Ligand SMILES: [Zn+2]
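In my numbering, the protein residues as written are 252 to 445.
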């Protein structure tokens, strides 16, 4: 029986680089992997890009609410591992399908994603992953104060905000950026904002 893994963290915790490193390790040993990305994330489109300059083509660009079932033919026993980036954007149903793949097709699935959104609420995909994953692992990011970051603060034109919809990709428009913050720094921003 294979496992479903959820490796989560805050912004900039190196999710994409660590995914690409894992893919590289498999391929170095002549093993095949399938890389999946949710299409909600418009950054890089058919490519995964990491801040340290790594780049890789995505095998399955998964549309919102698209079933993974139609891709099952690609997921044969030659596949050693499925790697999913931006897993917070998966629907609960898609997470259930990935879980199904680990148990029925016996392929391990490693999902990388953010745990909470800019308002500190769990993303729907991450919630289902926390419920179903066999293994949870936190990827560490550091806040500018040096403590471990757990929160993703949204800034528009350099102002902290709790406004707007859950998904607003940085770099798209209106000068949106995200910063990983520790609890103390996030709370300080919340109190200033009120
Ligand atoms: Zn801090």
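Think of the CB as a built atom: it goes at the ideal place given N, C-alpha and C, for glycine as much as any other residue.
Just so you know, these numbers come straight off a predicted model, no measurement behind them.
- Proximity to residue 339 [Cα-Cα], best of 261, 432, 444: Residue 261 holds the alpha-carbon nearest to the alpha-carbon of residue 339 among 261, 432, 444.
- When the Cα atoms are used, what is the spatial distance from residue 398 to residue 334? Residue 398 and residue 334 have their C-alpha atoms roughly 29 Å apart.
- Task: Check residue 349 in the structure and name its three-state DSSP category.
- Result: Looking at residue 349 - three-state DSSP - the assignment turns out to be helix.
- Start and end of the beta strand (DSSP E) containing residue 261? No beta strand (DSSP E) holds residue 261; DSSP gives it neither H nor E.
- Task: Would you check if the stretch 359–367 and the stretch 321–337 touch, i.e. whether three or more CB-CB distances between them fall below 8 Å?
- Result: Touching, per the Cβ criterion.
- Message: Tell me the residue span of the alpha helix (DSSP H) that contains residue 434.
- Response: Taken as a continuous stretch (DSSP letters only), the alpha helix (DSSP H) holding residue 434 covers 434–444.
- Message: On the CB-based measure, 16 or more other CB atoms within 10 Å of its CB, does residue 345 come out buried or exposed?
- Response: By the neighbour-count rule (16 or more Cβ atoms within 10 Å), residue 345 is buried.
- Message: Taking 7 Å as the limit between beta carbons, can you name the residues of its chain near residue 277, skipping five residues before and five after?
- Response: The beta carbon of residue 277 sits closer than 7 Å to the beta carbons of 284, 331, 332 from its chain, once the five residues preceding and following it are set aside; these are given in chain order.
- Just confirm the distance between the C-beta atoms of residue 371 and residue 402, as a whole number of angstroms; I'd bet it's less than 8 Å. The beta carbons of residue 371 and residue 402 sit about 6 Å from each other, so the pair counts as a contact at 8 Å.
- Between residue 369 and residue 441, what straight-line distance do the alpha-carbon atoms span, to the nearest angstrom? Rounded to the nearest angstrom, the two C-alpha atoms are 11 Å apart.
- Following the continuous beta strand (DSSP E) through residue 376, name the residue where it begins and the one where it ends. No beta strand (DSSP E) contains residue 376, which is instead part of the alpha helix (DSSP H) from 375–383.
- Message: Along the chain, where does the beta strand (DSSP E) containing residue 278 start, and where does it finish?
- Response: Not the beta strand (DSSP E): residue 278 falls in the alpha helix (DSSP H), residues 266–279.
- Inter-stretch contact (C-beta, 8 Å, three-pair minimum) for the stretch 264–275 and the stretch 387–395: Output reads yes: the stretch 387–395 touches the stretch 264–275.
- Are residue 324 and residue 348 touching if we call contact CB-CB under 8 Å? Going by C-beta atoms, residue 324 is not nearer than 8 Å to residue 348.
- Exposed or buried, which one is residue 418 when buried takes at least 16 other CB atoms within 10 Å? Residue 418 is exposed by the Cβ-count criterion.
- Query: With respect to 7 Å, is the separation between the Cβ of residue 441 and the closest non-hydrogen atom of ligand 1 below this value?
  - Reply: Not under cutoff, so the answer is no.
- Message: Which residue wins for smallest C-alpha separation from residue 314, given the options 384, 300, 322?
- Response: Checked all of 384, 300, 322; the closest Cα to residue 314 is 322.
- Cβ neighbours of residue 271 in the same chain (closer than 7 Å, five flanking residues each side left out): Result list for residue 271: 299, 301, 305, 307, in chain order.
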